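Colleague: A single structure is presented below for examination.
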Amino acid sequence: MYWHQATIQLKARPRGFHLVTNEIVSQVCELASVRVGILHLLLQHTSASLFLNENADPDVRADFAHWSDRAIPDGAGYFVHTLEGADDMPAHLKTGVLGVTVTLPISDGHLQLGTWQGIYLGEHRADAGSRKVVATLWGVLKSGEK
Amino acid sequence: MYWHQATIQLKARPRGFHLVTNEIVSQVCELASVRVGILHLLLQHTSASLFLNENADPDVRADFAHWSDRAIPDGAGYFVHTLEGADDMPAHLKTGVLGVTVTLPISDGHLQLGTWQGIYLGEHRADAGSRKVVATLWGVLKSGEK
Amino acid sequence: MYWHQATIQLKARPRGFHLVTNEIVSQVCELASVRVGILHLLLQHTSASLFLNENADPDVRADFAHWSDRAIPDGAGYFVHTLEGADDMPAHLKTGVLGVTVTLPISDGHLQLGTWQGIYLGEHRADAGSRKVVATLWGVLKSGEK
Numbered sequence: 393m394y395w396h397q398a399t400i401q402l403k404a405r406p407r408g409f410h411l412v413t414n415e416i417v418s419q420v421c422e423l424a425s426v427r428v429g430i431l432h433l434l435l436q437h438t439s440a441s442l443f444l445n446e447n448a449d450p451d452v453r454a455d456f457a458h459w460s461d462r463a464i465p466d467g468a469g470y471f472v473h474t475l476e477g478a479d480d481m482p483a484h485l486k487t488g489v490l491g492v493t494v495t496l497p498i499s500d501g502h503l504q505l506g507t508w509q510g511i512y513l514g515e516h517r518a519d520a521g522s523r524k525v526v527a528t529l530w531g532v533l534k535s536g537e538k
Numbered sequence: 393m394y395w396h397q398a399t400i401q402l403k404a405r406p407r408g409f410h411l412v413t414n415e416i417v418s419q420v421c422e423l424a425s426v427r428v429g430i431l432h433l434l435l436q437h438t439s440a441s442l443f444l445n446e447n448a449d450p451d452v453r454a455d456f457a458h459w460s461d462r463a464i465p466d467g468a469g470y471f472v473h474t475l476e477g478a479d480d481m482p483a484h485l486k487t488g489v490l491g492v493t494v495t496l497p498i499s500d501g502h503l504q505l506g507t508w509q510g511i512y513l514g515e516h517r518a519d520a521g522s523r524k525v526v527a528t529l530w531g532v533l534k535s536g537e538k
Numbered sequence: 393m394y395w396h397q398a399t400i401q402l403k404a405r406p407r408g409f410h411l412v413t414n415e416i417v418s419q420v421c422e423l424a425s426v427r428v429g430i431l432h433l434l435l436q437h438t439s440a441s442l443f444l445n446e447n448a449d450p451d452v453r454a455d456f457a458h459w460s461d462r463a464i465p466d467g468a469g470y471f472v473h474t475l476e477g478a479d480d481m482p483a484h485l486k487t488g489v490l491g492v493t494v495t496l497p498i499s500d501g502h503l504q505l506g507t508w509q510g511i512y513l514g515e516h517r518a519d520a521g522s523r524k525v526v527a528t529l530w531g532v533l534k535s536g537e538k
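Below you can see the structure in the form of structure tokens.
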């Protein structure tokens, strides 16, 4: 069994939803040598999300912001955790709802995403820095079978 | 270590929430030979969901539709991704909120679901066809330990 | 490859959101001997959630209740699954939205959680008992490499 684990960085982004498939895959070149296996990604934060959604139309990412900012509004009067800003508690809630882990099958060196699937970063804070992802990969290598 | 990976099909269903545990398990007969392991399922779509919920009362599935159609309404005025129909952007959002991967422990050839747990397909489009799931299984076999 | 699987119990808690990282980790002492691997947790219920969120301020857990009780209200008039009480169908929906599985990387005997991440139990019923979690761990041991 082959194992690989590394922490990768996603560059800082503005509040909103961003397609990060290529930024992640390009930092996990080890997956090219895996015949069958799994890639697990953990975003190590509580005010940003990592999840799968539509990879083609940027309007979909915009609508994720339009909807989530209404469903979980900044500065709602019923929040008690308010010291870190009007966008902080909504960021924690969006993170809970959308999730921070993505687990994907690998076959013949490629992620087995559906045609329209990509990896989204939901950046829920206005002034966040870069975000960290622990990438763990396990499986059987193409050559031999360690 | 034993590995198995295959793409399975879920038959086309109407918009709504459907219990698909048996349809999935019957297509992954390899899990019967696993002593301890994991089954990972990835629904390769962005307008349908795969997740765990109550397996007994069809009213629960109906209420998932009742609630989610209110929380994420068709044709909301703030959507900008509207070209594919009034149910398309809500379908992407429901997919983001409910998820597309299910990861389950296997013990002695059986999924270790709780008594009341089953696998739900949330079909969020009105006229979708069959849906594809990549099933990946890894673990230790009952006989020997390859 | 090392495998470990066991069912652990989380003590009964009142309705609300609770930090259970230590209660879980203390019952999976096997992870201390893993050099690189994964811990998978399945909460075997459909009216409680297991997910990752902020580990420091109890107000964040309180606001998860404040928000989710508004987004998914007890006794909403459009529910048809009502026989098990006004908090039952909302509990199933919260479970669907927040999830019941947590999958975490292990490195050098420790979970690789972010600084502010902890494991939350969302207890969505008023009078629930203890909750069961199937913990499955796989990876490479520190000593030797079984």
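Chains as they are written, first to last, in the numbering used here: chain B, 393 to 538; chain W, 393 to 538; chain R, 393 to 538.
Ideal Cβ positions, reconstructed from N, Cα and C, are used throughout, including at glycine.
Bear in mind that the values here come from a model prediction, so they are computed numbers and not experimental data.
Could you tell me which of W/493, W/534 and W/520 sits nearest to residue 443 of chain B, measuring between CA atoms?
Modeller: For residue 443 of chain B, the nearest C-alpha among the options comes from W/493.
Colleague: Whole angstroms are fine: how far does the CA of residue 434 of chain W sit from the CA of residue 498 of chain B?
Modeller: Computed Cα separation, rounded: 11 Å.
Colleague: Between which two residues does the alpha helix (DSSP H) containing residue 416 of chain B stretch?
Modeller: 413-417 is the extent of the alpha helix (DSSP H) around residue 416 of chain B.
Colleague: Residue 476 of chain B CB to nearest chain W CB: under 8 Å?
Modeller: It does not: the Cβ of residue 476 of chain B has no partner Cβ on chain W nearer than 8 Å.
Colleague: If I measure Cβ to Cβ from residue 538 of chain B and keep anything under 6 Å in the same chain, skipping five residues before and after, which residues do I get?
Modeller: With a pLDDT of only 47 at residue 538 of chain B, under the threshold of 50, the placement of this residue in the model should not be trusted; the figure read from the coordinates follows. The answer, listed in chain order, is 394.
Colleague: Label residue 512 of chain B either buried or exposed according to how many other C-beta atoms from any shown protein chain fall within 10 Å of its C-beta, with 16 as the threshold for buried.
Modeller: Flag for residue 512 of chain B reads buried.
Colleague: So what's residue 516 of chain R in DSSP terms, helix, strand or just coil?
Modeller: Coil at residue 516 of chain R, not helix or strand.
Colleague: Within the 8 Å Cβ cut-off, does residue 471 of chain R reach chain C?
Modeller: Absent from the structure: chain C. Protein chains present are B, W and R.
Colleague: Measure from the C-beta of residue 400 of chain W to each C-beta in chain B and report whether the shortest distance is under 8 Å.
Modeller: So no, residue 400 of chain W is outside the interface.
Colleague: With DSSP as the reference, identify every bridge partner of residue 436 of chain W, one or two as the case may be.
Modeller: DSSP output for residue 436 of chain W lists no bridge partner at all.
Colleague: Taking the C-alpha atoms as reference points, what is the distance between residue 461 of chain W and residue 439 of chain R?
Modeller: Rounded to whole angstroms, residue 461 of chain W to residue 439 of chain R spans 21 Å at the Cα level.
Colleague: Any contact of the segment 464-472 of chain R with the segment 413-428 of chain R, i.e. 3+ C-beta pairs under 8 Å?
Modeller: As far as the Cβ criterion goes, the segment 464-472 of chain R does not touch the segment 413-428 of chain R, which means the pair count is below three.
Colleague: If we count the other Cβ atoms within 10 Å of its Cβ and call it buried at 16 or more, is residue 437 of chain B buried or exposed?
Modeller: Buried: at least 16 other Cβ atoms inside 10 Å.
Colleague: Could you tell me whether the Cβ atoms of residue 526 of chain R and residue 504 of chain W are closer together than 8 Å?
Modeller: Result yes, Cβ atoms of residue 526 of chain R and residue 504 of chain W sit closer than 8 Å.
Colleague: Over the uninterrupted beta strand (DSSP E) stretch that includes residue 398 of chain R, give me the two end residues.
Modeller: 394-402 is the extent of the beta strand (DSSP E) around residue 398 of chain R.
Colleague: In this structure, what does DSSP give as the bridge partners for residue 446 of chain R?
Modeller: Bridge partners of residue 446 of chain R: R/509.
Colleague: If you measure from the beta carbon of residue 463 of chain B to each beta carbon in chain R, is any gap under 8 Å?
Modeller: Answer yes: the Cβ-Cβ gap between residue 463 of chain B and chain R drops below 8 Å somewhere.
Colleague: What residue range is occupied by the uninterrupted beta strand (DSSP E) comprising residue 531 of chain B?
Modeller: Segment 523-533, the beta strand (DSSP E) holding residue 531 of chain B.
Colleague: Would DSSP call residue 428 of chain R helix, strand or coil?
Modeller: Of the three classes helix, strand and coil, the one that applies to residue 428 of chain R here is strand, per DSSP.
Colleague: Closer than 7 Å by C-beta to residue 447 of chain B: which residues in its own chain qualify, once you throw out the five before and the five after it? Chain order, please.
Modeller: For residue 447 of chain B, where only same-chain residues beyond five positions count, the Cβ hits under 7 Å are 411, 413, 508, 509 and 510.
Colleague: Mind reading off the beta-carbon distance from residue 430 of chain B to residue 533 of chain B? Whole number of angstroms is fine, and I expect it under 8 Å.
Modeller: So it is not a contact: roughly 14 Å between Cβ atoms.
Colleague: Between which two residues does the beta strand (DSSP E) carrying residue 496 of chain W extend?
Modeller: Unbroken beta strand (DSSP E) run through residue 496 of chain W: 493-499.
Colleague: Roughly how many whole angstroms lie between the Cα atoms of residue 488 of chain W and residue 453 of chain B?
Modeller: Rounded to the nearest angstrom, the two C-alpha atoms are 11 Å apart.
Colleague: Can you tell me whether residue 458 of chain R is helix, strand or coil according to DSSP?
Modeller: It is helical.
Colleague: For residue 441 of chain B and residue 470 of chain B, I'd like the C-alpha separation in whole angstroms.
Modeller: Their backbone Cα atoms lie some 23 Å apart in a straight line.
Colleague: Residues in the segment 488-503 of chain B with C-beta within 8 Å of chain W's C-beta atoms, listed in sequence order?
Modeller: Flagged, chain order: 489, 490, 491, 494, 495, 496, 497 and 499.
Colleague: In whole angstroms, give me the CA-to-CA distance for residue 502 of chain R and residue 408 of chain R.
Modeller: The straight-line gap from Cα to Cα measures roughly 28 Å.
Colleague: If we call anything under 8 Å between Cβ atoms a contact, is residue 517 of chain W one with residue 468 of chain W?
Modeller: Taking 8 Å as the Cβ cut-off, residue 517 of chain W and residue 468 of chain W do not qualify as a contacting pair.
Colleague: Measuring only between beta-carbons, confirm whether residue 459 of chain W sits less than 8 Å from chain R.
Modeller: So, interface residue.
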